[in-house]
Amino acid sequence: MYDLIIKNGFVVSPSSTVKCDVAVNGKQIAGLGTYDVSEGKRVIDAEGKYVLPGVIEAHMHCMAPFQGCLGANSFYEQSVSAAFGGVTMYMDFANMSKGDSPFKQALARADEMKEAAIDYSVHGKFVESTPEAMADIEKMADYGIPTFKMFMTYKKEGVMSDDETMLKVFQKAKEVNGLPMVHCESNAIAETNIEKCEAAGDLSWVNFAKCKPVLCEAEAFARAAYFAEYVGNALLVVHTTNGEALNTARRAHGKGLPIYVETGPHYLTLFDDLYEGENGHLAICSPPLRTPKEAAELWEGLKDGTILLTGSDDCTFDVDEKSMFLEKNPDGTWKQDFRKVVNGMSGIEIRLPLLLSEGVSKGRISINKVCELTSTNIAKIYGCYPQKGIIAPGADADIVLVDMEKEVTLSKDVLHNNISYCLHEGFKVKGYPVMTISKGEVIVEDGEFKGRKGAGEFIKRRINPAYLKKYSLN
Ligand code: DUC
Ligand code: ZN
Ligand code: ZN
Numbered sequence: 001m002y003d004l005i006i007k008n009g010f011v012v013s014p015s016s017t018v019k020c021d022v023a024v025n026g027k028q029i030a031g032l033g034t035y036d037v038s039e040g041k042r043v044i045d046a047e048g049k050y051v052l053p054g055v056i057e058a059h060m061h062c063m064a065p066f067q068g069c070l071g072a073n074s075f076y077e078q079s080v081s082a083a084f085g086g087v088t089m090y091m092d093f094a095n096m097s098k099g100d101s102p103f104k105q106a107l108a109r110a111d112e113m114k115e116a117a118i119d120y121s122v123h124g125k126f127v128e129s130t131p132e133a134m135a136d137i138e139k140m141a142d143y144g145i146p147t148f149k150m151f152m153t154y155k156k157e158g159v160m161s162d163d164e165t166m167l168k169v170f171q172k173a174k175e176v177n178g179l180p181m182v183h184c185e186s187n188a189i190a191e192t193n194i195e196k197c198e199a200a201g202d203l204s205w206v207n208f209a210k211c212k213p214v215l216c217e218a219e220a221f222a223r224a225a226y227f228a229e230y231v232g233n234a235l236l237v238v239h240t241t242n243g244e245a246l247n248t249a250r251r252a253h254g255k256g257l258p259i260y261v262e263t264g265p266h267y268l269t270l271f272d273d274l275y276e277g278e279n280g281h282l283a284i285c286s287p288p289l290r291t292p293k294e295a296a297e298l299w300e301g302l303k304d305g306t307i308l309l310t311g312s313d314d315c316t317f318d319v320d321e322k323s324m325f326l327e328k329n330p331d332g333t334w335k336q337d338f339r340k341v342v343n344g345m346s347g348i349e350i351r352l353p354l355l356l357s358e359g360v361s362k363g364r365i366s367i368n369k370v371c372e373l374t375s376t377n378i379a380k381i382y383g384c385y386p387q388k389g390i391i392a393p394g395a396d397a398d399i400v401l402v403d404m405e406k407e408v409t410l411s412k413d414v415l416h417n418n419i420s421y422c423l424h425e426g427f428k429v430k431g432y433p434v435m436t437i438s439k440g441e442v443i444v445e446d447g448e449f450k451g452r453k454g455a456g457e458f459i460k461r462r463i464n465p466a467y468l469k470k471y472s473l474n
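Taking UniProt numbering, the leading residue of the sequence shown gets 1, the next gets one more, and so forth.
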C-alpha cells in the first residue's frame, strides 16, 4: 500500500515526458509505473495534467533589510505564496555587514527560515575578505552551504565586494567545492552615471535604467567571468538581462568553463517603458528592466543552453516601502528620485506560470526545458540533486501538477503575497500550477493552502565537483 498515487499524468523530466503513475511512500517517491487505485491510501487523478518536480527558488530576498526596507512577507507567508506557484524549496541569503561572521549570519538566516512550510536552504554572502571571513568558507561548505553570494555594486549600501574580495572568495570556494554567485553590475559605471543625473537635477525613474545600461552589467559580467577563468573555478551569475553578457558566457562555454547563467521571468516579460509611468518606481530593480530586444536575446540564451537556470529575485516590497522616502509635488505627483526607492520586485509565485505560458504555450521552449530551468538544473548546480529536482524513486516527493489549458489573468487578487499591486496586472497566462505536493503532503489544492507552518526542513547541499570543473550538468 502506498501513501499516495498520482495517476495518469504526463511525468516530465529534462529528457522525457512519459504518461505513467507516480507512487509515494512517506516523504519520498517510491516508484514510477502503473499502479492500481486499490494500492493507494490516496489517489490523485492527474489525467491531462503534467507532473513536474517541484519548483526550486534559489534567488529571493525575504525579510532582508535593504535600503531602509524589509519586505512585506514573513518567511512563512513567502513559503505559502511560493507554494501556490509550485515552489517546494526556497533559498535565501545571509544578511551581511562588514565585521559579521558569514557562517554565523548564514546559520542565523537558516534559523529565521524554520517557520517555512517548504524545505529551505541558505547562501553565504561576502562583503569583505578578512582572514576570519575567509576561514568561514570551509565551515559553511562542511555544514552544507556551498554557495557564496557577492555584489559587484551597492558600495554605498555597504554590501559591495571589491575585486580583491571576489578573487579571494573564488579561490577559497574552489578549495571546498563551492560555487560563487555574483550580481554583476559595475559600481563605477552606475555611480558616475548617478552623479551626472544628480548634477543635471534629473533623478527620474527613466534615468534609473539609463544609469545602469547593458554595458554596466556586461562589463561586470566579463570581469567576473575572467576572474573565474583565472582562478579555475565555476561561477554562477544571477539575473542576467542581455545578449552582450550572454556572449561573454558563450565564449567561456566554448572553452568548457563552468559559468552558469540565471535569468528572471521579469526580464522576459516586463520592459523599461514601465519607468515612464507615474508609478514607475514600483518597477525599479537591479539590473533594471530592459527592452524587448534584450528579452529576445534572453529567449535565445534559454533555447541554446547559455542560460541554465531561472530565479525570481523576489523582493516583496509593498507600495508603502517602495515610496517611503519619496516626496510629492504640489499637484500630487511623485518628486521622482530613484535614489530613494528600494530596488526589487515580487515574483516568486509567477515564475513557473510565466515560463509555462510565455515559453511552452507560445512555442518558444518545451515543458522539459521548463523542468530544467525551474527545478532540475537548480538542484544540480546548487547541490541538492537528486534529493530534489527530479521525479524518480528515492527523490523527495516534491511535485507540482500543471494544467497547460488553465488560463489565468495575473492580478494582485489572484496572488498570495502581502502586497497591494502586481506589476503583471492584467497579464494573461495559459498554463498554471494546480496542485503542489511537498515531501508527499499536498500543500496546495483547489486554490487552498493546506500546508503547515514549520514543516520545511533545512536541506544540506553538496555540489557534484564535476559541475564545477566543466560546463556540463551530465
Ligand atoms: N536587485 C534588486 O532589485 N533587489 C535586491 C537586490 C538586487 O540585486
Ligand atoms: Zn542582484
Ligand atoms: Zn537578488
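The C-beta atom is built at its ideal place from N, Cα and C for all residues, glycine as well. Every value quoted in this text rests on a predicted model; they were computed, and no experiment measured them.
Review point. Mind checking T192: buried by the 16 CB within 10 Å criterion, or exposed?
Key: exposed
**Study point:** Element boundaries [alpha helix (DSSP H), containing T248]
**Key:** G243 to G254
Review point. Alpha carbon to alpha carbon, what distance is there between V237 and E244?
Key: Computed Cα separation, rounded: 14 Å.
Check your understanding: How about V341 and I284: are their beta carbons less than 8 Å apart?
Key -> yes
Point to revise | C-alpha distance - G201 paired with K430, whole-angstrom precision | key: Cα-Cα distance, rounded: 44 Å.
**Study point:** Assigned secondary structure, N73 (DSSP; H/G/I helix, E/B strand, else coil)
**Key:** coil
Check your understanding: If you measure from each residue's Cβ to the nearest non-hydrogen atom of ligand 3, which ones come out under 7 Å, in chain order?
Key -> Residues flagged by the Cβ proximity filter: H59, H61, H183, V238, H239 and D313.
Review point. For ligand 2, any of its heavy atoms closer than 7 Å to the Cβ of S286?
Key: Ligand 2 approaches S286 closely enough that one of its heavy atoms is under 7 Å from the residue's Cβ.
Review point. Going by beta carbon distance, what residues of the same chain come within less than 8 Å of Q387, once the five residues before and after it are set aside?
Key: A379, A395, D396 and I459
Practice item. State yes or no: is the C-beta of A228 within less than 8 Å of the C-beta of A220? Key: Not in contact: A228 and A220 (Cβ atoms no closer than 8 Å).
Practice item. Would you mind sorting K98 into buried or exposed? The rule is 16 or more other CB atoms within 10 Å of its CB. Key: K98 comes out exposed.
Review point. Residue range of the alpha helix (DSSP H) that residue 506 falls in?
Key: Absent from the structure is residue 506, since the part of the chain shown begins at 1 and ends at 474.
Exercise for review: Report yes if the C-beta distance between L246 and T306 is below 8 Å; otherwise report no.
Suggested key: yes
Check your understanding: Which of helix, strand or coil does DSSP assign to H424?
Key -> coil
Review point. Which parts of the region 380 to 440 are runs of the beta strand (DSSP E), unbroken and 3 residues or longer, counting only runs that do not cross its ends?
Key: 399 to 409 and 428 to 438
Review point. Run through DSSP, which three-state label would S97 get?
Key: In the three-state reduction of the DSSP assignment, S97 falls in the coil class, being assigned neither a helical nor a strand state.
Check your understanding: Hey, would you say D398 sits closer than 8 Å to I437, going by beta carbons?
Key -> yes
**Study point:** N-terminal and C-terminal residue of the alpha helix (DSSP H) that P131 is part of
**Key:** P131 to Y143
Review point. Under 7 Å from any heavy atom of ligand 1, does the C-beta of N343 make it?
Key: yes
Check your understanding: Under a three-way DSSP split, which group does M166 fall into?
Key -> Residue state, collapsed to three classes: helix.
Check your understanding: Going by the C-beta, is F10 closer than 7 Å to any heavy atom of ligand 1?
Key -> no
Exercise for review: Say yes only if the C-beta of F271 is nearer than 7 Å to one or more non-hydrogen atoms of ligand 1, and no if none qualify.
Suggested key: no
Review point. Count the other CB atoms within 10 Å of the CB of N343; is the residue buried (16 or more) or exposed (fewer)?
Key: buried
Review point. Taking Cβ to Cβ, would you say S357 is nearer than 8 Å to D314?
Key: no
Check your understanding: Starting from S323 and walking both ways along the alpha helix (DSSP H), at which residues does that stretch end?
Key -> V319 to S323 is the extent of the alpha helix (DSSP H) around S323.
Review point. For Q336, which of helix, strand or coil comes out of DSSP?
Key: DSSP places Q336 in coil when its eight states are reduced to three.
Practice item. For G86, collect the residues of the same chain with a Cβ closer than 7 Å to its Cβ; drop the 5 residues on either side in sequence, then sort them by chain order. Key: G54, V55, L352, V400, P433 and T436
**Study point:** Cβ distance (whole Å) where G456 is taken to contact S79 below 8 Å
**Key:** Contact between G456 and S79 holds: CB atoms are separated by about 6 Å, below the 8 Å threshold.
Point to revise | Cut-off 7 Å between Cβ atoms - residues of its own chain near P292, not counting five sequence neighbours on either side | key: F271
Review point. Relative to the alpha-carbon of L326, which residue among T240, D36, R339 and D3 has its alpha-carbon at the smallest distance?
Key: Selected option, being the one with the closest Cα: R339.
Practice item. Would you check if the distance between the CB atom of L268 and the CB atom of A295 is smaller than 8 Å? Key: In this structure, L268 lies near A295, with their beta-carbon atoms less than 8 Å apart.
Exercise for review: Flag C384 as yes when its Cβ comes closer than 7 Å to any non-hydrogen atom of ligand 1, and as no otherwise.
Suggested key: No - ligand 1 has no heavy atom lying nearer than 7 Å to the Cβ of C384.
Practice item. Between the Cα of E278 and those of W205, R290 and H253, spot the shortest distance and give me the residue it belongs to. Key: W205
Review point. Mind checking whether the beta-carbon of C216 lies closer than 7 Å to any heavy atom of ligand 1?
Key: no
Exercise for review: Verify the contact flag: F208, CB atom, against every heavy atom of ligand 1, threshold strictly below 7 Å.
Suggested key: no
Practice item. Tell me, please, which residues DSSP counts as bridged to P180. Key: F148
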